[in-house]
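Chains A and B are the protein sequences, given in the same order. This note's numbering numbers the first residue of the first sequence as 280 and each following residue consecutively. This note's numbering numbers the first residue of the second sequence as 1162 and each following residue consecutively. All residues carry an ideal CB built from backbone N, CA and C; glycine is no exception. Below you'll find the structure, written out as structure tokens, and then a few comments.
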Amino acid sequence: MDTSKSNTKKAAEDKDLLLPKKPYRTHGGVHVDHMKNTAETESQELPTPKKVIISMQQHIGAACEPIVKKGDKVTVGQLIADSTSFMCAPIHSGVSGEVTNIGTIIMPNGAEIKTIEIESDGLQTVCPDIEPPVVTNADELYAAVRKSGLVGLGGAGFPVSIKLNFSPEKHVDTLVINGAECEPYLTADYREMMEYPEDIVEGTRFVMETLGLKRAIIGIEGNKPAAIKRLGEIIKERSLNDRMCVLKLGTSYPHGAEKVLIKACTNRAVPVGKIPADAGCVVLNITSVSFIAKYVRTGMPLVSKRITVDGSAINEPKNVIAPIGTMISDIAEFCGGFKQEPKKVLMGGPMMGTALYTLDYPIIKQNNGLIFMGQKEADDVKPSDCIRCGRCVAACPMLLTPVNIQHFVERRDVQALNDLCVMSCMECGCCGFSCPARRPLVQYLRMAKSIVKSGR
Amino acid sequence: MENSPNTPTMLSVSSSPHRHSGENTAFIMQDVLIALVPAALMSIVYFGWRSALLIGLCTGTCVLTEYICRRIMKRKQTIGDFSAAVTGVLLAFNLPPTLNPIFAVLGSVFAIAVVKQMFGGIGMNFVNPALAARIFLLISFPSHMSKWSLPFFYMSSNATTDVVSTATPLAQIASGKAATSTIDLFIGLHGGCLGETCALALLLGAMYLLLRRVITPHIPLAFIGTVALIALIAGQNPIQHVLSGGVMLGAIFMATDYTTCPVNKTGRVIYGIGCGLITMTIRLFGSLPEGVSYSIVLMNILTPHIETLTQSSPFGSEVKRSGK
Chain A
280 MDTSKSNTKK AAEDKDLLLP KKPYRTHGGV HVDHMKNTAE TESQELPTPK
330 KVIISMQQHI GAACEPIVKK GDKVTVGQLI ADSTSFMCAP IHSGVSGEVT
380 NIGTIIMPNG AEIKTIEIES DGLQTVCPDI EPPVVTNADE LYAAVRKSGL
430 VGLGGAGFPV SIKLNFSPEK HVDTLVINGA ECEPYLTADY REMMEYPEDI
480 VEGTRFVMET LGLKRAIIGI EGNKPAAIKR LGEIIKERSL NDRMCVLKLG
530 TSYPHGAEKV LIKACTNRAV PVGKIPADAG CVVLNITSVS FIAKYVRTGM
580 PLVSKRITVD GSAINEPKNV IAPIGTMISD IAEFCGGFKQ EPKKVLMGGP
630 MMGTALYTLD YPIIKQNNGL IFMGQKEADD VKPSDCIRCG RCVAACPMLL
680 TPVNIQHFVE RRDVQALNDL CVMSCMECGC CGFSCPARRP LVQYLRMAKS
730 IVKSGR
Chain B
1162 MENSPNTPTM LSVSSSPHRH SGENTAFIMQ DVLIALVPAA LMSIVYFGWR
1212 SALLIGLCTG TCVLTEYICR RIMKRKQTIG DFSAAVTGVL LAFNLPPTLN
1262 PIFAVLGSVF AIAVVKQMFG GIGMNFVNPA LAARIFLLIS FPSHMSKWSL
1312 PFFYMSSNAT TDVVSTATPL AQIASGKAAT STIDLFIGLH GGCLGETCAL
1362 ALLLGAMYLL LRRVITPHIP LAFIGTVALI ALIAGQNPIQ HVLSGGVMLG
1412 AIFMATDYTT CPVNKTGRVI YGIGCGLITM TIRLFGSLPE GVSYSIVLMN
1462 ILTPHIETLT QSSPFGSEVK RSGK
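What follows is the structure, encoded as structure tokens:
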């Protein structure tokens, strides 16, 4: 710390860096039923699937290029695809076996993307090259995390190494751990908290100390009291409670949205169009830090994922640990199949998840939920005319006005959409959720963003 | 891959979110109708069958007009959202109890056909249909629209004469004699439009709307607060001003009409204050004894401008965190 600073300024800064006792106020938000049906069931490991299809697009950012070819033998943890792009994380095989094809798949957004198809030999031979990384400073941590193939495991799937690679000029001082898990149904993060709480605390401490951050705040929604208690106990046992704390958040959605979480934990606002580092924060998902702790211990890259399988159409809702690339139909079968025909299948939670067009689709790294909705649950009511009730305005955590944005989208008015700051939208779905006329407001917002981006 | 036999049926694909609060327009309008029930019952108690007739007639005509309009325009039928029924009841509430039913029908047709459907139906009208219709009747048929009768006139012995005329409390204030006690004003024992007299019943409705989160308190509080404040400044009894005339009905049910009021909180407060200001300006300086309808309609017209002026900047737009 700069010693030339006056005492008062230093005192103010120290006060700013205190660990919060209560969450700060956030804007908007809605109350969504939690439906955490799978919260108290132990996660189950999926028996090694016969075939996996690994998409080269596992997250936001650039796609990877396969570095294996048809006929190659691969082992668990072996690097099979990489990219030189900054916005990317390498991909490793989750099964041992033989590459049977380099194919393509149509993603839900319509893009065609390369895949590596691997037929498993069932032996799960571990790659001989795997060894724990040596991490003593921030640069080594960045390199190790990049090598591990880690992407944000909360759902958005931003390559984690980029989040850690902030410039020192940003004066980042706080590590915020996202344990909100505010999406309905999803309990994958909660199971991580209950099954590996030590790894979470260790990973948080490790990242905080390696990056030289001053405090770490683990934000967890108030609907997970057992996890809050358990993590709090471990922090105390390890006498980390002077710089690390668990913060019980309110239970309104979307407390897990990065900018909302930062506001709730630190009372800071991320400037429009900027990243958390501009508010002095690094935000990591709770399962991501737990993974970092495990990776530093074992060196096993990100090859499998815990996924909450739930929804009105599935027989046995549970958390499944499956290799990346497992087919959704295999996971559904493992969960007892369907009790009714699924009408809508979601990757992710019901508020922000993507609807899939087929069950023949592999899971990817950023997946944390598979929701199989039956006819009744998926029933889409046709939109009616907007009555200008203002519920979307009250619900928006980013203080936008979806009610007006929809009209400008229909008129394709780039200037007006720019003035309404549509790029701040994070597509959390609060507006669409609360709209009594069932307007597809998130869809309008997505169109608004693409209109602004393309300028027409 | 797309035609794989494993895929059981066509999956439905849509934009997120895939859950919904379950609220819909019809539920909201039904809540408004429920909130109007106490006032409707009190008006029937006070003004007898004429109230029931006017409320029924206005509601029926509004719904029928909406049905016919949508049919003629070949658009999706919208009578199921109950918004036309709400307009009908609110229009009836703004009529003198002894009004000739012909005028009530005329007003209802005007409200739905001209003010609402010609501008595109629900959500598109720029002024409140019920109030616009009331003003239309008031300007077109001033003598019919300002015949006031005392509560329970239908029970009095000389009920054969069609109307037992009385002055409204506001006319009394304007002429300098406050003859109605506050209690009478509160429970509605005075002359006036059929739904506006009983403040107690209207407040019950307001409580219901607030509890059900159909309305936010911003507009009613700003409106009523401004009226009381200006009355106080003008040296008149603020309670008399708030409880008489259409302030309660206007502030709770008319000014809060979604379509014609601003969507954000700051805008709503400004709008409420504006309604109060214009109401009191007309009451204190205008030639009319009452100004609630005009004030709300004028503020309706200003709503888009208020919204532009109070446009909130997005979260994080005012942050300057440099070199900390």
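Here the alpha carbon of E377(A) sits roughly 19 Å from the alpha carbon of D609(A). Rounded to the nearest whole angstrom, the CA to CA distance from K618(A) to E324(A) is 22 Å.
Around D1192(B), no beta-carbon contact reaches into chain A at under 7 Å, the shortest distance being about 11 Å.
Counting along the chain, V1174(B) sits inside no alpha helix (DSSP H), nor does DSSP assign it H or E at all. Interface criterion met: the Cβ of I1189(B) is under 9 Å from a Cβ in chain A. Here W1210(B) is exposed. Its C-beta has fewer than 16 other C-beta atoms within 10 Å. Within the same chain, Cβ atoms closer than 8 Å to the Cβ of K661(A) are found at R717, the five residues on either side in sequence being excluded. Between the beta-carbon of G428(A) and that of L581(A) there is about 5 Å, and that keeps the pair under the 8 Å contact cut. According to the DSSP assignment, I603(A) belongs to no alpha helix (DSSP H), since it is labelled neither H nor E. The DSSP-derived three-state label of D478(A) is helix. Take P550(A), set aside five residues on each side of it, and the residues of its chain with a beta-carbon closer than 8 Å to its own are D557, A558, in chain order.
Rounded to whole angstroms, the gap between the alpha carbons of S583(A) and G436(A) is 14 Å. Neighbours of I1283(B) across chain A, judged by C-beta separation under 7 Å: D664, I666.
For C560(A), the enclosing beta strand (DSSP E) starts and ends at 560-564. The residues G501, I507, in chain order, have a CB closer than 6 Å to that of K527(A) in the same chain once the five nearest residues on each side in sequence are set aside. Measuring C-alpha to C-alpha distances from M314(A) to each of L465(A), K301(A), A342(A), K329(A) identifies L465(A) as the nearest.
Separation of the CB atoms of S1454(B) and I1296(B) is rounded to 6 Å, and the pair is thereby assigned contact status at 8 Å. CA-CA distance, A727(A) to M677(A), rounds to 15 Å.
Contact check for I730(A) against V672(A) fails: the beta carbons are separated by 9 Å or more. The region 1280-1298 of chain B makes contact with the region 1250-1262 of chain B: 3 or more CB pairs, one atom from each, lie closer than 8 Å.
T1220(B) and H1305(B) have their C-alpha atoms spaced approximately 20 Å apart. Residue range 453-458 is occupied by the beta strand (DSSP E) that includes N457(A). At a cut-off of 9 Å between C-beta atoms, T1226(B) does not count as an interface residue with respect to chain A. The beta carbon of A716(A) falls within 9 Å of a beta carbon belonging to chain B, placing the residue at that interface. Under the 9 Å criterion on CB atoms, H534(A) is classed as non-interfacial with respect to chain B. The beta carbon of Y1228(B) sits closer than 6 Å to the beta carbons of I1240 from its chain, once the five residues preceding and following it are set aside; these are given in chain order. Judged by pairs of C-beta atoms under 8 Å, the region 1401-1413 of chain B does not touch the region 647-662 of chain A, as fewer than three such pairs exist. K623(A) reaches chain B at L1172, S1173, H1179, counting residues in chain order whose Cβ is nearer than 7 Å.
When CB distances to chain A are screened at a threshold of 8 Å, the residues of the region 1457-1476 of chain B falling below it are E1468, Q1472, S1473, S1474, P1475, F1476, in chain order. With respect to the C-alpha of C700(A), the residue from E344(A), P715(A), T680(A), E516(A) having the closest C-alpha is T680(A).
In the structure shown, P662(A) falls within a coil segment according to DSSP collapsed to helix, strand and coil.
Cβ atoms of I1380(B) and T1417(B) come within 8 Å of each other, at about 5 Å. Closest by C-alpha distance to I1434(B), out of I1385(B), Y1315(B), H1466(B), T1421(B), is I1385(B). The closest CA to that of N647(A), considering only V430(A), V561(A), F445(A), is found on V430(A).
By the CB criterion at 9 Å, G1428(B) and T1377(B) fall outside the cutoff.
L625(A) has A634(A), I650(A) as its beta-bridge partners, per DSSP.
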